[in-house]
Every structure is written in structure tokens, then in C-alpha cells.
Amino acid sequence: MTERSPERADGDGMQAHRGSSGQSGENAARVTRSRLSVDVSGERVLKGEPVGSGFAIGPAFIAGEAPAIEPGSRLSHLSREEELSRFHEAVERSIAQLRKLQHRIARLPEESQVEIGPLLEVYQRMLGPSRLQKGVLSRLEEGLTAEAAVQEATEELAGLMVATPDENGLTGEDAAAAERRAGEFREIGRRLIRNLGREPFLSLAAMPDGAILVAETLRPADAAMIDPARVVAVVLEDGGTTGHTAIMLRALGVPAVLAVAGVLDHMHDGVTLVVDGYAGTVTVDPSARTLRQARKQVAAYVQERQQLGRMRRLASRMASGEKIVLQANLELPAELPLIAQSGAAGIGLLRTEFLFINAETLPDEAAQYDIYAAIVSTMGADTTTIRVLDWGGEKQAEALARAGIAGRDVVNPALGLRGIRLLLEHPELLETQFSAILRAAAKGPVRVLLPMVTVASEIIAAREIYDRVARRLKRKGIDIGESLPPLGIMIETPAAALTAGVLAQYADFLAIGSNDLTMYLLAADRASSEVAALYNPLHPAVLRMIGDIVMAGLMERCPVSLCGEIASDTALTPLLIGLGCRSFSMSASAVPRVKQVIRSLDYDACRQLARRVLAETDAEGIHKQLKRFRTV
Ligand code: PEP
Ligand code: MG
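Letter 489 of the sequence shown, counting from 1, is numbered 490 in the working numbering, and no numbers are missing.
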């Protein structure tokens, strides 16, 4: 994570983070219940979903431009029919996206609907039988790639629109309207080309350092490529706060606001933004007063960070004496130094997806071993919990798709061949990964974690492979240590949660994945902005289930930890402890804050809070209980 010092607080590219308990007073106050408000100074405040990593000031950089098409690649090597079918698919995807946007915009205040609604209709019309479509089809006939055909056709139409006023006989308002229309053609062209690529497309090459990245959407794979030293904040039109993109941004310590409806219609490249990743606000063209306020927040944060820095050396013990284990989640090896700084007692969740998502080919055993061994060695005597590949949901792995291992177009990816299911279907993947992990375990303490388990037979099958790989390594004389690392499971499906006691007889430890557990239990997609309000881990069903899992683990003497995003929410810490959780894994940046809270807590008070919370019937009542607890 990179922080910029207050000395550089000149209004350009400044970033800071602060504790989740703080609210950006003025900004939050100015944001009315609508998703957009305009201040008398001309500044506009947009509201989205906060990704709690702080706030930033900087110029907007609007990303998501169509990738430049190499002159040499205009002509297609595919048949005309294949290009045509790619084009039709991209049109369908674009229409579906626009409809989704329209649906979301229906919840905006009327003035915003008036601004954005007609535009979306224009875009959809353009995608139907239109001059644009005709232009593309005729170019496909000439053997062009769909990308080149779309780019040329949209540029031609845009060019026709903005031909000099003399040529067109346009002046004044007419010319401005023509300019807008040209922009509309270009925008729809960009959308089509992005949908044709379906690859991580984000190019940040032209982005100035210290800018705020503004885009329609960001895949986890794109988020992983972000350099937090260059990108001070991210603002997206799409996304949910516990989606993998959000997790990735949080891990990188990049302040972000997601699900800002119509964001691209409210700003232009270079305009100054103030992003508050806690309040979930984006202030466009801030007034001098807002800027002053934001700079103060940056300075205050730097001070707070220094105080939290001291937490590293202090014990993670409650005021009443109970020890609480705090470990870190790791998404990318780049986070390793952060883990050391955070004072985390090991890695409670190493998500190995990073090895796959931006890879051209599948990482072989040697490549995996090098990375695991380096991480395990760096962690020294602290345990590293390595989760085997959890492909699926909104995570996409090109290398897997290319290897023919996983299709990308299933209707419900979160309910499909995900996690352990995929690995058992393709045991060669699991064998390679187990082998690399077992060899790395010779370097230090390791635990192995299976994702997305629903039934004991999956653990049994995985353990058979685990033992077989271990025997093979031993036969070859490879050092894998005395005893095999514990093999645990994620509890992240309702089926696993309800049978946690049974599964605990087959697993060496349980890790509660509250992100997915909340999604599956509440039937609300964790990555969707449309159901963000329904995706609420404070739902009594989620909390009861967490309490029951912890109890089941206790009965079976099977260690339980919690590694979903709620582990880093300090407002929930007393409740989770009261529900019985004694071990957490979270983004490294959250460890000092959570430890600070733990050191102030009394165990009996947490138990009582949990009892009161479990007696509540809805999330609102629970929220009030938490608030009351904080203020007494
Ligand atoms: C979870 O589901 O809570 C979890 C930790 O796993 P992931 O977020 O990687 O799906
Ligand atoms: Mg999960």
C-alpha cells in the first residue's frame, strides 16, 4: 500500500485511508438520500458502495477505452460467419448491460433519470437494425475482424456527425448536438469492442500517476494489475462490495467507490475528484471548502496510521484476557511486506487464484512451488494457510479456459463447477497444486484449505489425492516434512454450514467464508450492485449460522476461523467474538484496527451482545444493537 504524505497534498493524486468508524462528516451530510446531489458551488456528490480503504484527491482518468487495433490485425483469420457470430454475441451482451443499467437508473432521482435514460435508449437503438449495424456488416463482408469493422463503422458515423458546420450547414446548438451524437457513436463502439474482447482490457498506460481511475467495470483480473503507487483511487459504475474486485482493491489499499450509477455521464478526464471509500461518495469538481476538508482528513489519517503502527508489537488479547488470533488474507504476493507490517500472526487465507487469473498458460508445479516456498519462507514460524484454486463465480481464468478446463458461459457460475468441484473434475490440477504446496511445506508451517465444499465425499476424495501425492513425493525422496499439513475446508455454503459438525469429522480445521456464505444463504449475488442492499451479513440468518458453525467446530474439537470480509469490520468484532469466534483472517491493512478494538473489549460484554443480537428479528434491530454497544 502506498500512502502519499500530506506534504504532497496539493489536490492532485493524494490518497489516504482511515478507520472504518470515521465518517466524512461534511461529504456524508451533503449526500442526500438521492444518489446525486449538486452543491451551490457547482460540485456534485455521487453516491455508491464504499470499499472501505480510505479516501483520495486526484484528477479523474476515464478508462475502458477500446484497445487500439493494430493495423496489421484488421483482416480476420476467422471465417465471415465466425466474425458475424462474435459480433452478434457482443451486441447481445451490450444490450443486456444497457438494460441492466437502465434498471438501476430507474431508482435514481427524476432529474438524473431524465439525463441518462434517453441516452441509454439511443444506445440500444443503435445496436438494433441501424446505420451502424449496416456499416459493420458490410465491413465483415470485406473480411475485417469484428473489432476493426466496429471501429471503422463507428468512426465513420461519428465523423459524418461532426463534419465542419459549413459542410453540414450546422451552427450553434445544432453543432453541439452533432458533437454529442458523434460521442454516442464512439461510446457504443467502445462498448462493443470491449465485449468482443472479453479479456482484461484495461490499459492504464496513458494514465498519469496519482490519478483516480474511473471506469464502467473492472474485472478482478484488471484490479490485480493496478499499481497502488500510481492509482490513488478507483470509481466504478459496477460492482458489489464483497465481489472479488472489491476484495482485490481493498487488499491493495486502494480507496474505491463501486456501483456509482451513471458515473461516466457525470465527469470528464482530468476533473478533480474527492473519493471517500468509507462514506462511498465521489465529489466531482469539489469546492475549495471540500478540498480543504479532504486534505485535513488525509493528514488525520496519516497520524492515525502512526498510532496504529504501534499496535503491531502489542498482544492480540481482550481487556478481559482472552487471546484472539488475527491473521491476514493474501491475494497477491505484493502484499507480503504489508503482512509483516500489520503484525498479523500468519496467513489465514492465501487465495491462489492470482496464479491463474492473468496467466496465459496454467502455472506448472515448479512455478507454483517457487511462489509458495517464497511466501512460506518469508512467513518464518507463522503459519501460511494455502487455499487451493477457487475458480468460478466472477473470477475468470483465461489460462483455464484456454486449457479447455472451464467454460465461461454458464448461466449461474456461482452455482456451477466452482472451487473443489472443478478440482475434483480435473484432478490433475489438484495434484499439481498439492504437490507444489507439500514441497513448500518443508520451508515452514503450512495448512491447506479446500474451497466451496458442500459434502463430506468431496473432502474424502480430496484427501485421497492429497495422501497419494504425498506418498509419491516421499517415494521420490523429496523432503515434505514429518507429518502432512492439516487439510481444512471453507464453510461457505449453507449445506456445509448446516452439516459443519459432520464435515468437521473429516476436516482438520474449518474456515468460515462469510462472503460466499452470505451470498448463498440470502440468495443475493455478492458482486451485484442491484442486490447490494439485500446482501447483508447482519441478516439474522447469517449470524445464527456463524454461531452454529463455531459451536459445531467446538463440539468436534475442530479449530474454526473466519476469513470473510466481515472479519475486518471493527463494528462487528465484539459480536463475532460473542458468537464464539476466536480466530480471524482479514486484509492485512485491517489487522491493527481490529486489534485495537479487541484490546478494549470485555468477553462477557461480547457474549451478552451476541445474546441480544440473536434475539433480534431483522438486520435493522441488529445494527441498532451494535451501535448501542459502541456508544456505551
Ligand atoms: C469467502 O467466501 O468468504 C471467502 C473468504 O472466499 P472468497 O472471498 O475468496 O470467495
Ligand atoms: Mg468464498
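We put the beta carbon where it would ideally sit given N, CA and C, even for glycine.
Keep in mind that this is a model prediction, so the values were computed, not measured.
{"Item": "Beta-carbon contacts of Gly-190 that lie in its chain and below 7 Å, excluding the five residues immediately before and after", "Value": "Ala-67, Val-151, Gln-152, Thr-155"}
{"Item": "Option in Val-215, Val-235, Arg-231, Ser-321 with minimal Cα separation from Asp-270", "Value": "Val-215"}
{"Item": "C-beta contact flag for Leu-580 and Ile-547 at 7 Å", "Value": "yes"}
{"Item": "Simplified DSSP state of Lys-324, which is helix, strand or coil", "Value": "strand"}
{"Item": "The stretch 234-241 in contact with the stretch 260-267 per 3-pair CB rule at 8 Å", "Value": "yes"}
{"Item": "Of the listed residues Ser-586, Pro-60, Leu-615, Leu-627, nearest to Ile-325 (C-alpha basis)", "Value": "Ser-586"}
{"Item": "Identity of the residue in Ala-501, Leu-250, Glu-157, Val-236 nearest Leu-274 by Cα", "Value": "Val-236"}
{"Item": "Counted within 10 angstroms of its Cβ, other Cβ atoms place Asp-619 as buried (16 or more) or exposed", "Value": "exposed"}
{"Item": "Beta-carbon proximity list for Ala-591, same chain, < 7 Å, skipping 5 on both sides", "Value": "Ser-569"}
{"Item": "The ligand MG heavy atom lying under 6 Å from the CB of Gly-514", "Value": "yes"}
{"Item": "Cβ-based neighbour list, Cys-607, same chain, cut-off 6 Å, excluding 5 preceding and 5 following", "Value": "Pro-575, Ile-578, Gly-579"}
{"Item": "Nearest-angstrom Cα separation, counted from Ala-437 out to Gln-342", "Value": "27 Å"}
{"Item": "The ligand MG heavy atom lying under 6 Å from the CB of Glu-566", "Value": "no"}
{"Item": "Cβ separation of Ala-147 and Phe-186, assumed to be a contact under 8 Å, to the nearest whole Å", "Value": "In fact, because the Cβ distance is near 16 Å, the residues do not count as touching under 8 Å."}
{"Item": "Where Leu-416 falls, given that 16 or more other Cβ within 10 Å makes a residue buried", "Value": "exposed"}
{"Item": "For Pro-593, the first and last residue of its enclosing alpha helix (DSSP H)", "Value": "592-599"}
{"Item": "As assigned by DSSP and simplified to three states, the class of Val-151", "Value": "helix"}
{"Item": "Proximity test, Glu-336 beta-carbon vs the ligand HEM heavy atom, cut-off 6 Å", "Value": "The ligand HEM is absent from the structure shown, which contains only the ligand PEP and the ligand MG."}
{"Item": "contact_flag[the stretch 560-569, the stretch 505-516] where n(CB pairs < 8 Å) is 3 or more", "Value": "yes"}
{"Item": "Beta carbon of Ala-61 nearer than 7 Å to that of Ala-234", "Value": "no"}
{"Item": "Rounded C-alpha distance that separates Met-249 from Arg-469", "Value": "34 Å"}
{"Item": "Beta carbon of Pro-486 nearer than 7 Å to that of Phe-510", "Value": "no"}
{"Item": "Reduced DSSP secondary structure (H/G/I, E/B, other) of Glu-217", "Value": "coil"}
{"Item": "According to DSSP, residues forming a beta bridge with Ala-257", "Value": "Val-235"}
{"Item": "When Met-162, Ala-508, Asn-196, Ala-442 are compared against Glu-180, the one with the closest alpha-carbon", "Value": "Met-162"}
{"Item": "Beta-carbon contacts of Met-312 that lie in its chain and below 7 Å, excluding the five residues immediately before and after", "Value": "Gly-344, Pro-593, Lys-596, Gln-597"}
{"Item": "4-residue-minimum alpha helix (DSSP H) runs that sit fully inside the stretch 268-351, ordered along the chain", "Value": "289-310, 337-343"}
{"Item": "Through-space distance from Gly-49 to Val-32, alpha-carbon basis", "Value": "Only weak support is given to the placement of Val-32: the predicted model assigns it a pLDDT of 30, under 50, and the value that follows is read from those uncertain coordinates. If I take the Cα positions, the gap works out to 11 Å."}
{"Item": "Extent of the continuous alpha helix (DSSP H) to which Lys-135 belongs", "Value": "132-142"}
{"Item": "DSSP-derived helix/strand/coil call for Arg-583", "Value": "coil"}
{"Item": "Reference Gly-278; option with closest CA among Arg-293, Met-268, Leu-327, Tyr-302", "Value": "Tyr-302"}
{"Item": "Where the beta strand (DSSP E) containing Lys-48 begins and where it ends", "Value": "45-48"}
{"Item": "Ser-86 (DSSP reduced to helix, strand or coil)", "Value": "helix"}
{"Item": "Residue burial classification, Met-556 (beta-carbon count within 10 angstroms, cutoff 16)", "Value": "exposed"}
{"Item": "Per-residue DSSP class, three states only, for Pro-428", "Value": "helix"}
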